[in-house]
Amino acid sequence: MNIDQFITAVEEEFDDEIASGSITPEVRFRELFDWNSINALRLIALVKTEYDLSINAEDIQQSETVNDLYQIIQQRMG
31 MNIDQFITAV EEEFDDEIAS GSITPEVRFR ELFDWNSINA LRLIALVKTE
81 YDLSINAEDI QQSETVNDLY QIIQQRMG
């Protein structure tokens, strides 16, 4: 998986809230849309389903940007 594939997966999951092409690696999650616990759970489920990896709310909180979270996922993929 590369960053573009991750971004595409996030855009597809949140297509009801964000426009395709609006995410870049530098975009801050909290600026994309109204960030709440439901959206955090959606993101956690996306990572589990797409990549068979577990992330948690703390991982998301520590991630300012899309790239920050991508780097956490990459580290766990080994």
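31 is the number of the first residue of the sequence shown in my numbering; add one for each residue after it.
Using N, Cα and C, we set each Cβ at its ideal position, and we do this for glycine too.
All figures in this text were calculated on a predicted structure; none of them were measured in a lab.
Residue i versus residue j - alpha carbon distance
i, j, result
"residue 71", "residue 32", "22 Å"
"residue 57", "residue 35", "15 Å"
"residue 66", "residue 87", "11 Å"
"residue 60", "residue 107", "25 Å"
"residue 100", "residue 77", "10 Å"
Run of the alpha helix (DSSP H) containing residue i, from where it starts to where it stops
i, result
"residue 59", "59-62"
"residue 44", "Note, residue 44: premise wrong, no alpha helix (DSSP H); not H, not E."
"residue 107", "96-107"
"residue 89", "87-92"
Cβ distance (whole Å) where residue i is taken to contact residue j below 8 Å
i, j, result
"residue 73", "residue 90", "6 Å"
"residue 37", "residue 53", "5 Å"
Counted within 10 angstroms of its Cβ, other Cβ atoms place residue i as buried (16 or more) or exposed
i, result
"residue 84", "exposed"
"residue 2", "Outside the displayed span of the chain (31 to 108) sits residue 2, for which this structure offers no information."
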